[in-house]
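In order, the protein sequence lines correspond to chains A and B.
Once you know that position 27 of the first sequence is 197 in the numbering used here, the rest is easy, because the numbers rise by one and skip nothing.
Once you know that position 38 of the second sequence is 1226 in the numbering used here, the rest is easy, because the numbers rise by one and skip nothing.
Glycine included, each C-beta is placed from N, C-alpha and C at the ideal position.
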Amino acid sequence: MADVVPIIGSVRGFRWWRLSGNAELLSPWRGPVCWRPGENEASCLARRGMFGWKMSPAPHPRGCPATGCECGFYALHSLPGLSDGLDRAIWEIDTATSGGRHGLVLGVVAGSGRVLIGTEGWRARFCRILALFAGPTVTNHTREMGVAAAEYGVPLYRDLDAIVSEWGPDRAVVESLTA
Amino acid sequence: MNIGRIVREVEALPETDEELLPVREPAPDPSPEPARQPV
């Protein structure tokens, strides 16, 4: 990999959270890590202990995210795809079900600081929530999503095309970063 | 999430002051200079 390239502005991406039941957004698959309004800083949760994920015993020399680790805040360049195959990944969920019975929420984030750019997404040291999306199906989670959006100070969209066009990654930027 | 093959490392510098830090209100001057009287 080439040297670190400085860029002006954050990188954007799509990701999922899990609603806590108390209008908080949690990292859905590794944690529970509760996201805060505004900027969040990643720490390395490299070890899985008896009572959940633990901090790495020794910090990475250059901080999170480290290339040889899996740490950092994750996001995808494009909306998560829907796969019916046996090799379907856990995040490949129908975006229209955001805020549905499973309690997962889709949104857009901005990553900054050290960012490792992958062909499908990125991992960043700093991350902030920009916007959330609630699918058309109204569930018990819909009201909680409204409260969460207010708590995090971000807009809540009911139109997927609108959140993508207004907050999603710029395709030209993604192409230049992944070229 | 699988972000695919890592192709680049960047240092993304937030573009606006708003993205950097919360804006701090300037602290009020605790000892304002008394108004000068004309001599």
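Nearest-angstrom Cα distance between Ser282/A and Ile1194/B? 16 angstroms
In three-state DSSP terms, what is Gly238/A? coil
By DSSP, does Trp186/A sit in helix, in strand, or in coil? strand
Are Val275/A and Leu302/A close, meaning C-beta to C-beta below 8 angstroms? yes
Give the DSSP-derived three-state secondary structure of Pro341/A in the structure shown. This sequence places Arg at residue 341/A; Pro is not what is there. Here Arg341/A sits in helix by DSSP.
Beta-carbon gap between Pro235/A and Leu1201/B smaller than 8 angstroms: no
Endpoints, alpha helix (DSSP H) assigned at Asn210/A: It is not in any alpha helix (DSSP H) - Asn210/A instead sits in the beta strand (DSSP E) that spans 209-211.
Host beta strand (DSSP E) of Arg392/A (start-end): In this structure chain A extends from 171 to 349, so residue 392/A is not present and cannot be described.
Quick one: residues in its chain with C-beta nearer than 8 angstroms to the C-beta of Val317/A, no 5 flanking neighbours on either side, listed in chain order? Ala193
Are the CB atoms of Ala280/A and Arg182/A nearer to each other than 8 angstroms? yes
Verify whether the separation of the beta carbon atoms of Met315/A and Leu189/A is less than 8 angstroms. yes
Would you mind stating whether Gly1192/B and Glu209/A have Cβ atoms separated by less than 8 angstroms? no
Does DSSP classify Leu300/A as helix, strand or coil? strand
Can you tell me whether Ala1200/B is helix, strand or coil according to DSSP? strand
For Asp329/A, which of Gly277/A, Cys239/A, Ile287/A, Ala349/A has the nearest alpha-carbon? Gly277/A
What are the residues that DSSP puts in a beta bridge with Pro176/A? Glu1199/B
When the distance is taken between beta carbons, is Glu1203/B closer than 8 angstroms to Gly179/A? yes
Host beta strand (DSSP E) of Gly281/A (start-end): 274-288
Check each residue of the segment 239-253 of chain A: if its Cβ is closer than 7 angstroms to any Cβ of chain E, include it; give the result in chain order. Looking at the structure shown, chain E is missing, and the protein chains on hand are A and B.
Distance, Cα to Cα, Ser213/A vs Tyr244/A? 12 angstroms
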